[in-house]
Amino acid sequence: MRTDNFQAPDYYNIDELLTDEHKIVRDAAREWVKREVSPIIEDAAQKAEFPKSIIGGLAEIGAFGPYIPEKYGGAGLDQISYGLIMQEIERGDSGVRSTASVQSSLVMYPIYKYGTEEQRKKYLPKLASGEFMGCFGLTEPDHGSNPSGMTTNFKDKGDHYLLNGAKMWISNAPFADVAIVWAKDENGRIHGLIVERGMEGFSTPETHNKWSLRASATGELIFDNVKVPKENLMPNKSGLGAPLGCLDSARYGIAWGAIGAAMDCYDTALRYAKERVQFDKPIAGTQLQQKKLAEMITEITKAQLMAWRLGVLRNEGKATSAQISMAKRNNVEMAINIAREARQVLGGMGITGEYSIMRHMMNLESVITYEGTHDIHLLITGMDITGIPAFQ
44 MRTDNFQAPD YYNIDELLTD EHKIVRDAAR EWVKREVSPI IEDAAQKAEF
94 PKSIIGGLAE IGAFGPYIPE KYGGAGLDQI SYGLIMQEIE RGDSGVRSTA
144 SVQSSLVMYP IYKYGTEEQR KKYLPKLASG EFMGCFGLTE PDHGSNPSGM
194 TTNFKDKGDH YLLNGAKMWI SNAPFADVAI VWAKDENGRI HGLIVERGME
244 GFSTPETHNK WSLRASATGE LIFDNVKVPK ENLMPNKSGL GAPLGCLDSA
294 RYGIAWGAIG AAMDCYDTAL RYAKERVQFD KPIAGTQLQQ KKLAEMITEI
344 TKAQLMAWRL GVLRNEGKAT SAQISMAKRN NVEMAINIAR EARQVLGGMG
394 ITGEYSIMRH MMNLESVITY EGTHDIHLLI TGMDITGIPA FQ
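Following this note's numbering, the numbering of the sequence shown begins with 44 at its first residue and continues without gaps.
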């Protein structure tokens with residue numbers, strides 16, 4: 044078990060933009076990651092196992108639905124607090140942050156926003172406490188960047204709906220108690236259904252042999268004539284805009300989370316460069332290593348400012364989907380570039396599990412693709428500034 048000596052960079056004194064509550068929430072998450080995640084995460088990644096033992100801790104630090112009102116079991120925090128929690132968790136591992144992101148933005152958020160009061164009371168408190176874990180079924184084997192082409196469907200059978208289809212690349216699927224599933228009705232309209240483990244015909248085979256997000260559980264959702272009670276349909280929003288609204292929340296969390304991965308790589312590289320002596324002096328005293336480190340902290344600082352401003356806009360209800368796409372794309376690209384540069388600072392040691400960099404680098408290869416691919420987010424910005432969609 045390695046000792047976590049992480050020190051967070053704050054080159055532009057961004058802490059001064061945060062409230063006392065923001066800092067308390069962030070610091071609690073940071074200390075929990077140091078204590079509970081860092082000592083075990085390398086072993087979990089090597090074994091390709093999600094450490095279920097940390098679920099209770101994630102709930103305790105408010106990682107499950109932090110912005111959900113307290114009456115439903117959430118912490119009632121603002122969007123910047125949510126972002127800071129995601130930043131600290133991903134500083135530990137992107138896979139662990141994925142678990143928390145899915146639970147918060149893709150399971151609790153749609154139930155809170157689109158569900159009935161009965162659904163909120165039934166599911167949200169148990170999801171907030173970690174008693175229930177959830178997953179989100181949108182992506183299909185043949186429909187990723189084009190979710191509107193989904194073929195998963197349900198038919199009205201009088202006293203229930205009959206659900207058929209399949210989803211893939213689903214985080215948390217292998218152990219999820221509930222799944223938020225997006226499917227078309229008989230008129231081709233997309234709706235969200237709450238599907239519970241144990242419903243006949245519902246299975247969640249696990250996806251193996253991943254080189255990325257190895258400490259996160261990924262699987263499929265298979266629906267073979269699953270009878271879903273009518274009260275499990277979320278009635279308050281339908282159409283593709285419903286799942287895309289969830290993705291806005293998740294992408295916002297990723298924009299913060301990626302900063303955490305970048306900060307960890309930078310901090311590791313900086314510490315190593317100061318300690319590693321070659322040609323009679325620390326390599327931190329060489330021009331090329333200083334160039335790498337100076338560019339890293341510059342890009343992290345820019346990403347921190349972008350995420351903070353986006354959080355302010357989210358709190359004010361002003362953030363657009365295109366703004367969120369820009370931040371997700373920019374910050375993940377920033378993080379993956381920093382991971383690659385940091386690995387070079389460490390030389391051969393950078394590929395070992397003794398340091399976190401290679402694990403972050405592999406994880407970020409997934410983060411740059413999921414919740415909207417790198418290219419799709421670029422086209423979202425392009426469409427927003429030109430008014431012309433390039434998707435078709």
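We put the beta carbon where it would ideally sit given N, CA and C, even for glycine.
Sequence-distant partners of P325 (beyond 5 residues in either direction) whose C-beta falls short of 8 Å from its own C-beta, in its chain, are A316, K317, E318, R319. Taking C-beta separations shorter than 7 Å and ignoring five residues to either side along the sequence, the partners of V410 in its chain run S137, I297, A301, V375, following chain order. Taking C-beta separations shorter than 6 Å and ignoring five residues to either side along the sequence, the partners of T250 in its chain run T261, G262, following chain order. Rounded to the nearest whole angstrom, the CA to CA distance from A258 to A87 is 6 Å. For the pair L264 and L236, the CB atoms are not nearer than the 8 Å cut-off.
Judged by DSSP secondary structure, T261 falls within the beta strand (DSSP E) whose first and last residues are 261–272.
Shown here, Q366 sits in a helix according to DSSP, grouped into three states. Taking D307 as reference, the option from H203, A378, K165, G119 with the minimal CA-CA separation is A378.
In this structure, DSSP gives E183 an extended state, which the three-state scheme calls strand. The beta-carbon distance between K210 and T182, rounded to whole angstroms, is 6 Å. This is short enough to meet the 8 Å contact definition.
Only residues of its own chain outside the window of five on either side were considered, and among them G235, M277, N279, K280, A285 have a CB closer than 7 Å to the CB of Y157, listed in chain order. Here the segment 427–435 does not lie against the segment 337–353, with fewer than 3 beta-carbon pairs under 8 Å apart. Ranking L149, K114, T341, I233 by CA distance to the CA of V221 puts L149 first.
Under the three-state reduction of DSSP, W254 is assigned to coil, being neither helix nor strand. Under the three-state reduction of DSSP, I237 is assigned to strand. Contact annotation, N406 with S255: C-beta distance approximately 6 Å; criterion of less than 8 Å satisfied.
In its chain, beyond the 5 residues on either side, G192, M193, T194 have a beta carbon closer than 8 Å to the beta carbon of H186.
With respect to the 8 Å criterion, A293 and T247 are not classified as neighbours on the basis of their beta carbons. Comparing alpha-carbon positions, the option among M242, A433, I97, Q332 lying closest to V269 turns out to be M242. Non-local beta-carbon contacts of N196 in its own chain, meaning distances under 7 Å to residues more than five positions away in sequence, involve N207, G208, A226, K227 in chain order.
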